[in-house]
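Just remember that this note's numbering sits 1 ahead of the position in the sequence shown, which is counted from 1. Quick notes on the structure that follows.
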Amino acid sequence: MEMKFILLAVVALVGIVCEVNGEACCTPDQWQGVQASVSGFVYRHKPGRVEGVVYVFYDYANKQSAAFANYTSSSAKPRSYRIVTRYSNKTCASCSSGKLYVVDLKTDKCYTKKLDRPFRKACIPDSAKDTGSFSLGAGDASLKTRGYNLELRSQKYQLDFKLSVTEEGCIPVSELVTGVARGVPFMETVGFVNIKPGIKDPAVFDVPEECEETVPGFIQQALDREYSVFSF
Ligand SMILES: *[C@@H]1O[C@H](CO)[C@@H](O)[C@H](O)[C@H]1NC(C)=O
Ligand SMILES: *[C@@H]1O[C@H](CO)[C@@H](O)[C@H](O)[C@H]1NC(C)=O
């Protein structure tokens, strides 16, 4: 009898704690901004480095995302892409099919890929470990942020994430990823700047004109980003 009561009390307490802290950290449903990244990797025994500046557009309300990306690398010519992700059912991504469109803006060629994953809601996953709050800047010009650590272990990915978001609003601030993705050891640091709520011009999510004709081809995993939390 006593044991039962204690169990009930514990369950009730856990329930309350969950309700207080239970609000998951997810970004607003619609926002746009700039994602700047530097990554280093080793591919076929050769080290490489890529820097990226990406204008990103996130629309969870309609299960779509878009990005305009410029990449410069240590070993290849600068590359520019327009990337769009769309789902056929805008209210239910998990019960509809998704498609990734990648336009190489240097050649105007379009590559597509069917996505067998639901639209990725930009949230700190439940499995992440809260590492506490801290502030950026100082005094009146300071920003309260919170850090999280996350481990991803699957057949294709062995990755460690260090994420930070603003304490108010869960706006992404930074994402640091180290580990191995599909056999490629790499490290990437991503900073999110000039984020604005809402989407100014929804036309960014249109299927690119270039994609009326698609060419068969391989979409690099860096553009597909199956694994990331906030970055595009
Ligand atoms: C990419 O480079 C082009 C050409 O310099 C520029 O017009 C465009 O704004 C750049 N886009 C990004 C996302 O930096
Ligand atoms: C999208 O999915 C929802 C939930 O399953 C369903 O109610 C709705 O009819 C679907 N819409 C379309 C256009 O298929």
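Note that the Cβ used here is the ideal one computed from N, Cα and C, for glycine as well. Quick caveat: nothing in here was measured; it's all calculated off a predicted structure.
_So, at 8 Å on beta carbons, what are the nonlocal neighbours of TYR44 in its own chain, with the 5 sequence-adjacent residues on each side left out?_
Along the sequence shown, one-based indexing puts residue 44 at 43. VAL185, listed in sequence order.
*Taking only the alpha-carbon atoms, compute the straight-line gap between ALA37 and THR92 and give it to the nearest angstrom.*
Counting from one through the sequence shown, the residue named residue 37 turns up at place 36. Counting from one through the sequence shown, the residue named residue 92 turns up at place 91. CA-to-CA, the gap between ALA37 and THR92 works out to about 30 Å.
*Near MET2, which residues of its chain fall below 8 Å by C-beta distance, leaving aside the five closest residues on each side in sequence?*
Sequence index remark: in the sequence shown, residue 2 carries index 1 (1-based). Confidence in MET2 is poor, its pLDDT being 38 and thus under 50, which makes the residue's placement too unreliable to answer from.
_Quick check: what's the CA-CA separation for LYS107 versus VAL191?_
In the sequence shown, the residue the question calls residue 107 occupies position 106. In the sequence shown, the residue the question calls residue 191 occupies position 190. Straight-line spacing of the CA atoms in LYS107 and VAL191 works out to 24 Å.
*Look at GLU211 and VAL57 and say whether their C-beta atoms are less than 7 Å apart.*
Numbered from its first residue, the sequence shown carries residue 211 at position 210. Numbered from its first residue, the sequence shown carries residue 57 at position 56. Not in contact: GLU211 and VAL57 (Cβ atoms no closer than 7 Å).
*What are the boundary residues of the beta strand (DSSP E) that includes ASN71?*
Taking the sequence shown and counting its residues from 1, one reaches residue 71 at position 70. 65-74 is the extent of the beta strand (DSSP E) around ASN71.
_Given 8 Å, three or more beta-carbon pairs between the region 136-151 and the region 160-176_ = Three or more beta-carbon pairs separated by less than 8 Å link the region 136-151 to the region 160-176, which places the two stretches in contact.
*Relative to the C-alpha of VAL54, which residue among ARG80, TYR158, ASP117 is closest?*
What you label residue 54 is simply residue 53 of the sequence shown in a count that begins at 1. Ranking the options by Cα distance to VAL54, first place goes to ARG80.
*If we ignore side chains and look at the alpha-carbon of each, how far apart do GLY99 and SER89 end up?*
Mapped onto the sequence shown, residue 99 falls at position 98. Mapped onto the sequence shown, residue 89 falls at position 88. The alpha-carbon of GLY99 is positioned some 6 Å away from that of SER89.
*In whole angstroms, what is the alpha-carbon distance linking GLY180 and PHE231?*
In the sequence shown, residue 180 corresponds to position 179, counting from 1. In the sequence shown, residue 231 corresponds to position 230, counting from 1. Spanning the two alpha carbons is a distance of roughly 17 Å.
*Would you kindly check if the distance between the Cβ of CYS124 and the Cβ of CYS27 is under 7 Å?*
Numbered from 1 along the sequence shown, position 26 holds the residue referred to as residue 27. Numbered from 1 along the sequence shown, position 123 holds the residue referred to as residue 124. Cβ distance < 7 Å, so CYS27 and CYS124 count as in contact.
*asked:* For a test of the three-state rule: what should DSSP assign to SER229, helix, strand or coil?
replied: For the purposes of this step, residue 229 is taken as residue 228 along the sequence shown, with counting starting at 1. DSSP places SER229 in coil when its eight states are reduced to three.
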